[in-house]
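Undergrad: Per our numbering, numbering of the sequence shown is gapless, rising by one per residue and ending at 756.
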Amino acid sequence: MGAPDQAAVTAMYEQLDASRAALRAAGTPDAARRLRDLDAAEPGLCFGRIDHQDGTTLYIGRCGVRSGGEPLLIDWRAPAARPFYAATAAHPMGLRRRRHLRLDGRTVRSVSDEILDGSAPAPGDVLGDGPLTEALTARRTGRMRDAVTTLQAEQDAIVRSANRGITVVQGGPGTGKTVVALHRAAYVLFAHPPASRGVLVVGPDARFLDYISEVLPSLGENNVHLTTRAAIAVPGVPPGSGPAPAPDPAAGRAGNAAALAGWVRSRQPAPAPLTLPAGPDQAHLPEAVVAEALAAASGLPHNPGRQAFRDYLIAELIRRRHQATADDLARIDAETAALTGVDLDAAVAADLAALGLDDTPAAPPELDDPEALRATLRGDPRLDAAIDAVWPRLTPAEVVAGALPFTGPALLDEAAALVDGPPAEVFGHVVVDEAQELTEMDWRAVLRRCPSRSMTVVGDFAQAGPGSTVTTWAEALAPNRFDLHTLTINYRTTAEILDHSRDLLGRIAPDQTLSRSLRHGEKPTVRTVAAEDLADAVRAEPDATVLCADDSPLGIPVSSCRGLEFDTVVVADPARIAAAGLRDLYVALTRATQRLVVLEVAPTYAANQDPDRSGRPV
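1) Would you mind listing the alpha helix (DSSP H) stretches within the segment 679–719 that are 4+ residues and don't spill past its ends, in chain order?
2) Short check: CB of Gly546 to CB of Ala446, under 7 Å?
3) Give me the Cα-Cα distance between Asp671 and Arg640, rounded to the nearest whole angstrom.
4) What residues are listed by DSSP as bridge partners for Cys184?
5) Quick check for students: name the residue ranges of the alpha helix (DSSP H) that lie wholly in the segment 516–602, counting only runs of 4 or more.
6) From the DSSP output, which residues share a beta bridge with Arg645?
7) Below 8 Å on the Cβ atoms is my contact criterion, and I expect Val596 with Ala319 to pass it. Report the Cβ-Cβ distance as a whole number of Å.
8) What would DSSP say about Gln420, mapped onto helix, strand or coil?
9) Report yes or no: do the segment 334–343 and the segment 697–706 share at least 3 C-beta pairs separated by less than 8 Å?
10) Select from Gln290, Trp214, Cys201, Gly232 the residue whose C-alpha is nearest the C-alpha of Asp189.
11) Pull up the DSSP beta-bridge partners for Pro209, would you.
12) Identify every residue that forms a DSSP beta bridge with Ile470.
13) Here's the rule: buried if 16 or more other CB atoms are within 10 angstroms of the residue's CB, otherwise exposed. What is Ile212?
14) Check the C-beta distance from Val568 over to Met593 and give it rounded, since I have them as a contact under 8 Å.
15) Measure the alpha-carbon distance for Glu430 versus Ala408 and round it to whole angstroms.
16) Express the C-alpha separation of Leu521 and Val725 in angstroms, rounding to a whole number.
17) Measure the CB-CB distance between Ala562 and Thr666 and report whether it falls below 7 Å.
18) List the DSSP bridge partners of Asn628.
19) Using a Cβ distance threshold of 8 Å, determine whether the segment 410–427 contacts the segment 470–484, with at least three qualifying pairs required.
20) Restricting to Cα atoms, I'd like to know which of Arg204, Gly693, Ala216 is closest to Ala324.
21) Give the straight-line distance between the Cα atoms of Ser436 and Asp598, rounded to the nearest whole angstrom.
22) Rounded C-beta distance between Asn618 and Gly310? I'm assuming under 8 Å.
23) Please state whether DSSP places Asp343 in a helix, a strand or coil.
24) Classify Val664: buried if its beta carbon has 16 or more other beta carbons within 10 angstroms, exposed otherwise.
25) Taking the Cβ atom as the reference point for each residue, do Thr651 and Ala682 lie within a distance shorter than 7 Å?
26) Suppose the cutoff is 7 Å on Cβ atoms and the five residues either side in sequence are ignored; what does the same chain contact list for Arg298 look like?
27) According to the Cβ coordinates, are Arg531 and Asn394 closer than 7 Å?
28) Put Arg458 into one of helix, strand or coil per three-state DSSP.
29) Hey, how far is the Cα of Arg645 from the Cα of Arg630?
30) Measuring alpha carbon to alpha carbon, tell me which of Arg204, Ala368, Arg174, Gly443 ends up nearest Arg405.
Below is the structure:
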């Protein structure tokens, strides 16, 4: 059963080792980058095989491996690998069999086949549960694993979409949005390498980034930068340690961009006469010259514009100094001629002609070195102060503080673009996960880092937190066009847990259809406990992940668990969670993969309440 596959896998690893040895010997930066890619592909190098009806066999894996020009292993992103993901019994795409291989190190430990063309199983076929079933029932480890071996046709179609712009993927909890986003990023950089390499992944918080951190490297993409929406505008700051988003939802509104831009414009001069120091003298520049200097700065960010404005005025001061020098020389010549009756220029020209030399009139002597004069003026603090009086230098913090009553990373990033220009670091592809959490100002910060607009955006507005300021993808991404896809199959949550959240989804997103789960399990457990017994009830579930309100010490705050999944979840005091937002409660109820326990707190009454005649509190 496994001998041919083992021989093929052994040959792949032998060639992989040879390629890595050659790259180490090369010692170039490109070789080092390629070596990192091959090292990341080592675990589980080959995971699939497709057998065409014409007898052709191809092995599918994490990277391409060739020997003597012949393919030993096809990269999962290559067009030839698509039938491994897209073929079905209804549309076999020319395949007879799809085989899944599971490796232990470099050894083939098991195989599982799917017969796709309707033919009877042959002696070499190994039928059984596929890797999807294994993945769905596996225990969660706290880190997301790649799904390159289990991508389903619905997901693979989005991953391989021909769209080179913005792709938006929406769907309910557990539909694989994050999996699709990360695999699409790896595919895009393979199929359509951008001019600027690298992937930026924007997630809701540091916990989420840690959860997904190993996926892209395992897919062959190592040039990855992970950040949160709070830290995206703070270069060099580790994700999660940047300033928290402003709690005031008004800070995320798009109108803040216009307020910041208007405040910056108000710090720039209008055409008007201007007096500047020029050495020991004062230069009085008319309005027309100042208007020309402003035109030279037009379209530039504030601080570079100030530089262009100053440089133009310095050039004008130098021109005026030269003109004044030339005028002084002409006056001296005229005075000399009047006193002596001799035209010195004419006399010199006649003497040169008599000697047979060039009789072209000489240019006036340069009494001022232009570059030395320019350096002097640029270093003159009096001149700089005079420019500052009409066009001051600005910092992003000054702009935000001057224009708005609140601050935040996205506002500072907007101000930085206004005063210094767009960010220096941009990316070939940007992934935005839990995208429903971004405000309008967050979106502006993200889009600045992807000039090509090659992006994968995934989210679910039914899970939006209280800080979000957008309700549609058109609002978030305007005026950019995008392709929209909706995932409908739930790979995380059992049908019973999903059904428990049905009524709540109907309240928060009545237009959204509950996704279809592939798995069944036990019904959620709902218990009512007294407030003083809640902590004990939580401790009675030692193997569970406890989700609670943000101000509760009992477990993980719900606001920090978007995008995550856990085997068993205890939702502690759902009413308290709902008080912050029904969508937070919906998020909490849909994190479990196997078992959900809901601990409701019994209502309590104030001691001074008057009982009614039955003796019960009112």
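C-beta: ideal position from N, C-alpha, C; glycine also.
TA: Reading off the structure:
1) Whole alpha helix (DSSP H) segments, 4+ residues: 712–718.
2) The Cβ-Cβ distance between Gly546 and Ala446 does not fall below 7 Å.
3) So the two alpha carbons sit approximately 28 Å from each other.
4) Looking at the DSSP assignment, Cys184 forms a beta bridge with Gly199.
5) Runs found: 519–528, 534–541, 547–558, 578–586.
6) Paired residues: none, contrary to the question.
7) Rounded, the Cβ-Cβ distance is 5 Å, consistent with contact.
8) In the structure shown, Gln420 falls within a strand segment according to DSSP collapsed to helix, strand and coil.
9) For the pair of segments examined, the segment 334–343 was found to touch the segment 697–706: the number of CB pairs separated by less than 8 Å reaches three.
10) When only C-alpha atoms are compared, the closest one is Gly232.
11) According to DSSP, Pro209 bridges with Arg204.
12) According to DSSP, Ile470 bridges with nothing at all.
13) Buried, because 16 or more other Cβ atoms sit within 10 Å of the Cβ of Ile212.
14) The C-beta distance from Val568 to Met593 rounds to 5 Å, short enough to meet the 8 Å contact threshold.
15) Distance between the alpha carbons of Glu430 and Ala408: 11 Å.
16) If I take the Cα positions, the gap works out to 60 Å.
17) No.
18) Ser655, per the DSSP bridge assignment.
19) They do not touch, by the three-pair rule.
20) For Ala324, the nearest C-alpha among the options comes from Ala216.
21) Approximately 41 Å between the Cα atoms of the pair.
22) Contact flag wrong, Cβ pair sits at about 25 Å.
23) Residue state for Asp343 is assigned as coil, using DSSP reduced to three classes.
24) Val664 should be labelled exposed.
25) No, these two residues do not count as a Cβ contact at 7 Å.
26) Only Arg220, Tyr325 meet the Cβ criterion.
27) Pairing Arg531 with Asn394 gives a Cβ-Cβ distance that is not under 7 Å.
28) Arg458 falls in the helix class under three-state DSSP.
29) Taking the straight line joining both Cα atoms gives about 22 Å.
30) Arg405 has its Cα closest to that of Gly443, out of Arg204, Ala368, Arg174, Gly443.
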